[in-house]
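J.: Structure incoming, see below.
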Amino acid sequence: METAHNLILVGGTGTVKSHLATAISVAEIHHSERVNFFNAVDLANQLEREKNQGMDDEAKCKVFRHRDK
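Residue numbers (the working numbering): 1036 to 1104.
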């Protein structure tokens, strides 16, 4: 990818969202792209922590851009 894009997969349990997201992520990594992977619960928890810490929008962008586990 030349530019960064967001991808949100929505569906019920068992609709292969995680499998598809993993396959897309692996393909991007093989092309030397950086990938961040969030499930809805982890994303909501991260946003709540940042809200409680009073992070500004610029700091939030850095957290999501350079997220390490």
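The beta-carbon is built from N, C-alpha and C at its ideal position, and this holds for glycine as well.
Under the three-state reduction of DSSP, which class applies to R1092: helix, strand or coil?
T.: In the sequence shown, the residue the question calls residue 1092 occupies position 57. Reading off the sequence, residue 1092 comes out as Asp, not Arg. Note: D1092 maps to helix in three-state DSSP.
J.: Do L1044 and K1052 have their CB atoms nearer than 8 Å?
T.: Position 9 of the sequence shown, counted from the start, is the residue given in the question as residue 1044. Position 17 of the sequence shown, counted from the start, is the residue given in the question as residue 1052. Contact: yes.
J.: If we call anything under 8 Å between Cβ atoms a contact, is F1072 one with S1060?
T.: Translated into the one-based positions of the sequence shown, residue 1072 becomes position 37. Translated into the one-based positions of the sequence shown, residue 1060 becomes position 25. In contact: F1072 and S1060 (Cβ atoms closer than 8 Å).
J.: Could you say which of V1076, A1079, Q1081, V1070 lies nearest to H1040 if we only look at CA atoms?
T.: Here residue 1040 refers to the residue found at position 5 of the sequence shown. Comparing Cα positions, the closest option is V1070.
J.: Just verifying my parser: in three-state terms, what is the DSSP assignment at E1068?
T.: In the sequence shown, the residue the question calls residue 1068 occupies position 33. Reduced to three states, the DSSP call for E1068 is coil.
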